[in-house]
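Everything below concerns the one structure shown next.
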Amino acid sequence: MTEPARPQGRTPSEGDDRRASGTEDSATSSDHRDLNASPVVVNRWQRYGKDRLYVAQPDGVKIGWWDLTTDEAHPDSPQFLPALVAAVARWKAARPPGGLTAVAPLDAVPGAASVADRPLTPAHPVPPPAPPALSAPDGAHVVPALAGNPWPAEDMPATGAAQPAIHTSEHSTAGPGARPWIDLAAHTPGAQAREQARTAREAAPVKTVVARLLGVHTEERAWRIGADGEVKVAAQFAKVVARDPRWRVLHAIPVGERGADIDHLVIGPGGIFTVNAKHHPGARIWVGGNTVLVNGHRQPYVRNSRHEAARAARLLTAVCGLPVPVEALVVTVRAEDVVLKQQPEGVSVVPRHQIARWLLRHRDIHTPEVLEAVYEAARRSTTWR
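Residue numbers for the sequence shown follow the UniProt record's numbering, so the first one is 1 and each next one is one higher.
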């Protein structure tokens, strides 16, 4: 995972998230202008497990910020909500790699449609027209912005009211009730674990270096080793997909609001599996029913994996509208010895080097139509919230 971009100047703090109206950082009605008719700058900030877009005018007037993790808008003032929604929608459609994004007004782009004619589709956008040249920071990505107000006047929140999440789906028009979603198919293996490792490392850089030199096990090491294990397991899944393209795999799926994630979700004709990658280099692992011992120490892998699969089945069933059975799978990585005395009920424990063959020998139980429906639901971030 590359180092995330951070905004220039001071680092946003929790205090920035709840700016009070009337402070020097707040935009008020007195300085409000037609934001859809002028360029704006979108700045992505990723740190400490947060992922946000900060939107401002080129002169520094703040429009607000968008939480990419929860898909929630946080305008600096209620009247800035339409401009914030429009800027973020176009940023998602352009899918820039991060950093500063200069967003041009729609009327500067020949043939561009109005928001009423074009649904906001962050995961599957219609390619935007070529943008005009703008004066943007070096290396900035320039995309056209939406014009107009995607929210009917009667649906605009009152001043001081709690800001709702702004939702947009692929087949809906912009407005209340639609949900924007992040395409999880773009997630890389171990992304969540690596972010946690980076956070721990930045919180205690000296301790991290000393611990590595002394071979001491720390939280940072646990996350880092876990991420490496997920990458190794993903390589085995790539072999499955190469052998049978009907199989699909998603990685690092964030679930809920408490930082939980699914290492891998495997969707194929032989079944649907949540996968926990357990990287224990040189360890001795013993499995007997619900008991898993790693170097003699009991681990809650069976209980956690069973709960994870049940939760995934419940969420996917709710979105797909059909029963979606999900099985739990624990994949051991680089263990010196794995003794499978008895497989747990409802959970399968499989060493990494056997997982490709183990999956491919499953008989077909799902039709292509079911697989497509489940995959389309699973790749949407909103399914897991």
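Don't be surprised by glycine CBs; every beta carbon is placed ideally from N, CA and C.
Among the residues of its own chain, which have a CB less than 8 Å from the CB of residue i, if the five just before and after it don't count?
{"i": "Arg243", "result": "Ala356, Leu360"}
{"i": "Gly346", "result": "Arg306, Ala309, Glu327, Ala328"}
{"i": "His362", "result": "Gly268, Pro269, Gly270, Gly271"}
{"i": "Cys320", "result": "Ala373, Val374, Ala377"}
{"i": "Leu340", "result": "Val287, Val349"}
{"i": "Ile225", "result": "His279, Pro281"}
Leaving out the 5 sequence neighbours to the left and right, which residues in its chain are closer than 6 Å to residue i when beta-carbon positions are compared?
{"i": "Arg385", "result": "none"}
{"i": "Gln299", "result": "Val292"}
{"i": "Glu24", "result": "Its pLDDT being 33, under 50, Glu24 is placed unreliably in this model, and the value from its coordinates should be taken loosely. For Glu24, where only same-chain residues beyond five positions count, there are no Cβ hits under 6 Å."}
{"i": "Arg248", "result": "Ile267, Tyr375"}
{"i": "Pro75", "result": "Gly64, Leu81, Leu84"}
{"i": "Thr208", "result": "Arg201, Glu220"}
{"i": "Glu230", "result": "Pro189, Gly190, Asp263, Ala277"}
{"i": "Gln196", "result": "Trp223"}
For residue i and residue j, which I take to be in contact (beta-carbon distance under 8 Å), what is that distance rounded to the nearest angstrom?
{"i": "Ile272", "j": "Val324", "result": "7 Å"}
{"i": "Ser305", "j": "Thr274", "result": "7 Å"}
{"i": "Leu322", "j": "Arg246", "result": "Incorrect: roughly 18 Å between the Cβ atoms, too far for contact."}
{"i": "Val42", "j": "Pro58", "result": "Not really, about 11 Å apart at Cβ, beyond 8 Å."}
{"i": "Arg352", "j": "Gln236", "result": "6 Å"}
Determine whether the beta carbon atoms of residue i and residue j lie at a separation below 9 Å.
{"i": "Ile285", "j": "Ala204", "result": "no"}
{"i": "Ala378", "j": "Ile182", "result": "no"}
{"i": "Ala211", "j": "Arg221", "result": "yes"}
{"i": "Asp71", "j": "Ser348", "result": "no"}
{"i": "Val266", "j": "Leu316", "result": "no"}
{"i": "Ala328", "j": "Asn290", "result": "no"}
{"i": "residue 411", "j": "Val55", "result": "Past the edges of the chain, shown from 1 to 385, lies residue 411, and the structure says nothing about it."}
{"i": "Pro344", "j": "Val302", "result": "yes"}
{"i": "Val287", "j": "Val338", "result": "yes"}
{"i": "Ala312", "j": "Ile262", "result": "yes"}
{"i": "Pro180", "j": "Lys92", "result": "yes"}
{"i": "His187", "j": "Lys232", "result": "no"}
{"i": "Arg194", "j": "Trp223", "result": "yes"}
{"i": "His264", "j": "Leu184", "result": "no"}
{"i": "Ala47", "j": "Asp67", "result": "One detail in the question is off: residue 47 reads as Arg in this sequence, not Ala. No; because the gap between Cβ atoms is not below 9 Å, this pair is not in contact."}
If I follow the unbroken beta strand (DSSP E) through residue i, where does it start and stop?
{"i": "Leu329", "result": "327-333"}
{"i": "residue 389", "result": "Residue 389 lies beyond the stretch modelled for the chain, which goes from 1 to 385, so this question has no answer here."}
{"i": "Glu72", "result": "72-75"}
{"i": "Ala56", "result": "50-56"}
{"i": "Ile63", "result": "62-67"}
{"i": "Val347", "result": "347-351"}
Please work out which residues of its chain come closer than 7 Å, Cβ to Cβ, to residue i, disregarding the five sequence neighbours upstream and downstream, and give them in chain order.
{"i": "Glu219", "result": "Ala200"}
{"i": "Thr367", "result": "none"}
{"i": "Ala283", "result": "Val294, Asn295, Ala335, Glu336"}
{"i": "Asp364", "result": "Pro269, Gly270"}
{"i": "Glu369", "result": "none"}
Please indicate yes or no: does the CB of residue i lie closer than 8 Å to some heavy atom of the ligand NAD?
{"i": "Pro82", "result": "Among the components modelled here there is no ligand, and therefore nothing to report on the ligand NAD."}
Kindly indicate the opening and closing residues of the alpha helix (DSSP H) around residue i.
{"i": "Gln79", "result": "Taken as a continuous stretch (DSSP letters only), Gln79 belongs to no alpha helix (DSSP H), as it is neither H nor E."}
{"i": "Ala373", "result": "368-378"}
{"i": "Leu214", "result": "205-214"}
{"i": "Arg357", "result": "355-360"}
### Query
At what residue ranges does the UniProt domain "NERD" (225-339) contain a whole run of the alpha helix (DSSP H), taking only runs of 4 or more?
With a minimum length of 4 residues, the continuous alpha helix (DSSP H) runs that stay inside the UniProt domain "NERD" (225-339) are 301-320.
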